[in-house]
Amino acid sequence: MATNTQTHDKPRRGYFVAEDLEEVAASEGDLAGGLRDCSIIAAVNDPATFDAALSSPPRALYLLTGNPLTLPTMLAKAREKGKMCLLNMDFLDGLARDRFAVEFLAAHGASGIVSTRFETLKAAQTLGLFTVQRTFAIDSAAVNAARKSLNQFHPDAVEVLPAIAAPKVVKRLLSEFPQVTVIGGGLIDSVKEIEGLLSSGVHAVTVSDPRLWII
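FYI, in our numbering the residues of the sequence shown are 27 to 241.
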């Protein structure tokens with residue numbers, strides 16, 4: 027009897043063999059360019075605004091809500107609409123911030139992972155996902171700590187919180203790390219603020235107010 031030597035054409039990721047992981051990885055470059063081109067990321071922190079986000083102009087969504095029961099459906103709907111989803115693992119329910127959780131999200135179509143945790147972002151990076159490191163720029167010490175962290179780990183993007191602090195640090199970040207995408211997030215509630223952030227050199231902003239997704 028011939029021995030079965032069947033092999034998987036797709037790479038194995040932990041306990042998943044995700045047929046679309048290569049597609050997700052390939053979208054990483056598209057996402058980086060998309061963030062710089064689109065400027066606005068629709069942030070969904072309430073399930074009630076998810077459908078509005080799907081119908082909004084921004085190509086990228088930033089999910090701060092969901093759990094293992096709801097996220098597969100949310101991600102499938104987003105993909106049907108041509109949206110790329112960044113998932114903030116510091117806010118999702120029912121998921122540990124470990125490699126297995128990242129694999130679960132990747133297998134269901136996540137385009138990127140957002141977190142303050144190095145281990146979480148490293149796991150996402152090894153799977154070819156877009157990575158966003160959250161940084162709280164509350165004072166000079168916090169900014170210096172973020173710069174030190176960026177020398178040790180190279181995410182695709184840095185989200186500076188609150189957004190009003192981003193103009194103070196964006197030039198410094200880009201002078202040291204020109205390849206990184208800088209995102210401003212938090213406390214954005216007007217078109218004028220968005221325009222000011224973008225004119226300062228920030229590449230994109232995360233906005234949770236649906237009224238501001240259409241500008």
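Even glycine gets a Cβ: it sits at the ideal position worked out from N, Cα and C.
What's the C-alpha gap between residue i and residue j?
| i | j | result |
| --- | --- | --- |
| GLY222 | ASN93 | 35 Å |
| GLU129 | SER234 | 26 Å |
| VAL228 | VAL217 | 15 Å |
| PHE117 | SER201 | 31 Å |
| ASP140 | SER166 | Correcting the residue type first, residue 140 is Val in the shown sequence and not Asp. Each residue's alpha carbon lies about 23 Å from the other. |
| ALA149 | ALA102 | 22 Å |
| LYS174 | LEU238 | 34 Å |
| ALA286 | LEU213 | This structure cannot settle anything about residue 286, because the visible part of the chain is limited to 27 through 241. |
| SER226 | PHE144 | 28 Å |
| THR99 | LEU131 | 11 Å |
| ILE190 | GLY120 | 31 Å |
| ALA122 | LEU97 | 14 Å |
| LEU224 | LEU199 | 15 Å |
| ILE240 | LEU87 | 13 Å |
| ALA230 | GLU219 | 12 Å |
| GLU195 | ALA171 | Sequence inspection shows Val at residue 195; the Glu mentioned does not correspond to that position. If I take the Cα positions, the gap works out to 13 Å. |
| SER137 | THR232 | 16 Å |
| MET115 | THR142 | 9 Å |
Bridge partners for residue i per DSSP, in chain order?
| i | result |
| --- | --- |
| ALA69 | TYR88 |
| ILE240 | DSSP output for ILE240 lists no bridge partner at all. |
| ASN114 | VAL140 |
| LEU187 | PHE162 |
| PHE76 | The partner list for PHE76 (beta bridge, DSSP) is empty, contrary to what the question assumes. |
Identify, in the order they occur along the chain, each residue of the same chain with its Cβ nearer than 6 Å to the Cβ of residue i, setting aside the five sequence neighbours on each side.
| i | result |
| --- | --- |
| GLU185 | VAL158, ARG160, ILE209 and GLY211 |
| ARG105 | GLY135 |
| LEU89 | VAL70, CYS111 and LEU113 |
| LEU176 | PHE203 |
| LYS107 | LEU80 |
| LEU95 | none |
| ARG125 | ALA149 |
| CYS179 | Residue identity differs from the one stated: residue 179 is Phe in this sequence, not Cys. Cβ within range, chain order: PHE144. |
| LEU187 | PHE162, GLY211 and GLY212 |
| PRO193 | SER226 |
Can you name, in chain order, every residue of its own chain whose Cβ lies under 8 Å from the Cβ of residue i, other than the five neighbours on each side?
| i | result |
| --- | --- |
| PRO236 | ALA68, THR75, ALA78, ALA79 and SER82 |
| ALA51 | Low confidence applies here, because ALA51 scores a pLDDT of 42, under 50, leaving its location unreliable; read the following figure in that light. If we look at ALA51 and ignore the five residues flanking it on each side, its Cβ neighbours are LEU153, GLY154 and LEU155. |
| PRO181 | LEU147, GLN151, THR157, VAL158, GLN159 and VAL206 |
| ILE164 | ALA191 |
Which residue marks the beginning of the alpha helix (DSSP H) containing residue i, and which one marks its end?
| i | result |
| --- | --- |
| ALA133 | 125–133 |
| ASN217 | Residue 217 is actually Val in this sequence, not Asn. That run of the alpha helix (DSSP H) goes 217–225. |
| ALA122 | That residue, ALA122, is in no alpha helix (DSSP H); it is neither H nor E in DSSP. |
| THR99 | 97–106 |
| LEU155 | It is not in any alpha helix (DSSP H) - LEU155 carries neither H nor E in the DSSP assignment. |
| SER201 | 192–202 |
For residue i, which residues from the same chain have a beta carbon less than 7 Å from its beta carbon, with the 5 sequence-adjacent residues on both sides left out?
| i | result |
| --- | --- |
| ASP215 | ASP235 |
| PRO73 | THR91 |
| ALA168 | PHE162 |
| LYS197 | GLY227 |
At which residues does the beta strand (DSSP E) containing residue i begin and terminate?
| i | result |
| --- | --- |
| ILE209 | 207–211 |
| THR232 | 230–233 |
Step through the CB atoms of chain C and report whether any lies within less than 7 Å of the CB of residue i.
| i | result |
| --- | --- |
| PHE117 | Looking at the structure shown, chain C is missing, and only one protein chain is on hand. |
*Determine, using beta-carbon pairs with one atom in the segment 192–207 and one in the segment 158–169, whether at least three such pairs fall under 8 Å.*
yes
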